[in-house]
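First comes the structure, then the notes that go with it.
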Amino acid sequence: MGKVKDEAAEPRSSKSAPKAGKSGGKRSNQFVATLLSSSLYKPMQGWHSRLWTGIGSGALLLVGVWRLSETLEGQGVYFRYGLSGALAAAFAWLSFRLVHYPPFADFLIATQAEMNKVSWISREDLKRATAVVLVTVLVISLFLFGIDQLWMFLLNQIGVLNVSAGTGEAIGSAG
């Protein structure tokens with residue numbers, strides 16, 4: 001039989017655990033450093049997902065700048081277009097740097113890697129599946145239209161629903 005040790009657990013090392021608030025500051029410092037940098041983080045990995053994410057975020061930001069430009073229509077031309085141009089340039093840089101922020105870039109790289117593993121459907125199968133969905137929706141909508149017409153006819157016959165002949169609108173008899 002083994003020997004049982006009746007000693008108290010050894011005290012932890014003198015290193016203290018990192019504080020919860022420090023990781024948020026480290027992350028924001030990393031983001032600001034990435035924002036002000038011109039280096040590319042893993043430039044050839046996840047290229048397509050980064051490209052389309054950058055284009056999408058840039059397009060959203062540019063729509064906001066365009067709406068701001070329309071809002072400033074009564075202002076001077078230089079102020080309106082100068083502010084809009086400066087914001088567009090700043091947002092374009094932000095959008096470009098966002099896809100090179102290491103945690104986000106790693107996410108996009110992993111996303112593209114997973115998308116490359118997907119077994120995509122062939123064009124012919126896609127056409128067939130789309131046709132099945134469209135025919136099913138058409139059949140169900142015709143079925144529901146028929147049921148609706150049947151109920152409208154029955155309720156009109158027993159006097160619960162009064163349908164005017166010319167417009168087809170139901171006139172409720174709330175009493």
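Counting in the UniProt record's numbering, the sequence shown runs from 1 upward without gaps. Every residue gets a Cβ at the ideal spot worked out from N, C-alpha and C, and that includes glycine.
Asked	Found
H48 burial status per 10 Å Cβ neighbour count (16 or more: buried)	exposed
Contact check, S84 vs L68, beta carbons under 8 Å	yes
Start and end residues, beta strand (DSSP E) containing V163	L161 to V163
Residue closest to F96, alpha-carbon to alpha-carbon, out of I158, Q157, R27 and S39	S39
Beta-carbon spacing of K42, A105 below 8 Å	yes
Whole runs of the alpha helix (DSSP H) within the region 65–119, excluding any shorter than 4 residues	77–98 and 102–116
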